[in-house]
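Asks:
Numbering (our numbering), first residue to last: 28 to 137.
1) By how many angstroms is the C-alpha of residue 122 removed from the C-alpha of residue 132?
2) Leaving out the 5 sequence neighbours to the left and right, which residues in its chain are closer than 7 angstroms to residue 95 when beta-carbon positions are compared?
3) Could you tell me the boundaries of the alpha helix (DSSP H) in which residue 31 lies?
4) Within a Cβ cutoff of 7 angstroms, which residues of the same chain sit near residue 58, ignoring the five residues on either side of it in sequence?
5) Please list the segments of the alpha helix (DSSP H) lying wholly inside the region 86-137, counting only runs of 4 or more residues, in order along the chain.
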């Protein structure tokens, strides 16, 4: 498993409840410590690197959150189609989840 895949797996496990999501702040605290050390000299390049690293980490964690939430949404939609709608009144048994409707539209419209 590559380092990138391991980081993705770690971040995903923080978002899906296997670990505390606050652990995602650790890389930010580490870069803040480095930043404070480098800025004692007023290094403008270090400031740019620091803010770029912060923005990249936040964007990466946000992207992984979106991936985990999309995966969870699809799983819940499939569960609704298999089990959930049949626990409702009979008039809802012909309904479908948003994922099933989107899949059907993709199949019929190419």
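Virtual Cβ for every residue (Gly too), placed ideally from N, Cα, C.
If you're wondering where the values come from, they're calculated on a predicted model, not measured in any experiment.
Replies: Well, looking at it:
1) Counting from one through the chain shown, the residue named residue 132 turns up at place 105. Counting from one through the chain shown, the residue named residue 122 turns up at place 95. Looking at the two C-alpha atoms, the distance is approximately 15 angstroms.
2) Indexing the chain shown from 1 puts residue 95 at position 68. Taken in chain order, the residues that qualify are 39, 42, 43.
3) Taking the first residue of the chain shown as position 1, residue 31 is located at position 4. Residues 30-42.
4) Start at 1 with the first residue of the chain shown, and residue 58 comes out as number 31. For residue 58, where only same-chain residues beyond five positions count, the Cβ hits under 7 angstroms are 77, 80, 81.
5) 125-136
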